[in-house]
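Chemist: Residue 33 in my numbering sits at position 31 of the sequence shown; the count goes up by one each step and never skips.
Glycine residues also receive a C-beta, built at the ideal position from the N, C-alpha and C atoms.
Sharing a structure here in structure tokens format.
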Amino acid sequence: MKRPGETPSFVYRYQMVMFVMDYAGELDDLTLPLLAWLSENQPQLLLNPERNQDIKFSAVINDDDSADLLFTLPLRERVRITRSSQGTPQAEHLLEPKPRLPSSEGDWSHVFQDVTWGESDG
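Here it is as structure tokens:
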């Protein structure tokens, strides 16, 4: 955890470990959604050449049809502390700032279609 400056806000820093046992699919079927999530939620991890080397991946081949996969990602989460109208402390987890990308080729919008449900979809 890191506390930047004199404010009561802080940053969680932690390792996310994703372990997939006996995976029989294509590696890209796991990797592409993970990279898309990172581009939305942890863009600095992908855009910084020094930081993206901290994304770790390993595999243990079980047999001809399956493997155990392990992804390790260094994540951070910014938290701003404020006081509620009742005067109690409350935490707000902040979104990561969106980087300016040089072109439409630099984001994941052409890879994935947004399939979230709108209010009218019930």
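For the beta strand (DSSP E) containing proline 79, name the first residue and the last one.
Modeler: The residue asked about is misnamed: residue 79 is glutamate in this sequence, not proline. 69-85 is the extent of the beta strand (DSSP E) around glutamate 79.
Chemist: Could you say which of Gly89, Ile63, Glu42 and Ile57 lies nearest to tyrosine 16 if we only look at CA atoms?
Modeler: In terms of CA proximity to tyrosine 16, Ile57 leads the group Gly89, Ile63, Glu42 and Ile57.
Chemist: Specify, as a first and last residue, the run of the alpha helix (DSSP H) that glutamate 52 falls within.
Modeler: 51-54 is the span of the alpha helix (DSSP H), which, as asked, contains glutamate 52.
Chemist: Using 10 angstroms around the beta-carbon of serine 86, count the other beta-carbons present and answer buried if the total reaches 16, otherwise exposed.
Modeler: Under this definition serine 86 is an exposed residue.
Chemist: Look up aspartate 30 in the DSSP assignment and say whether it is helix, strand or coil.
Modeler: Helix.
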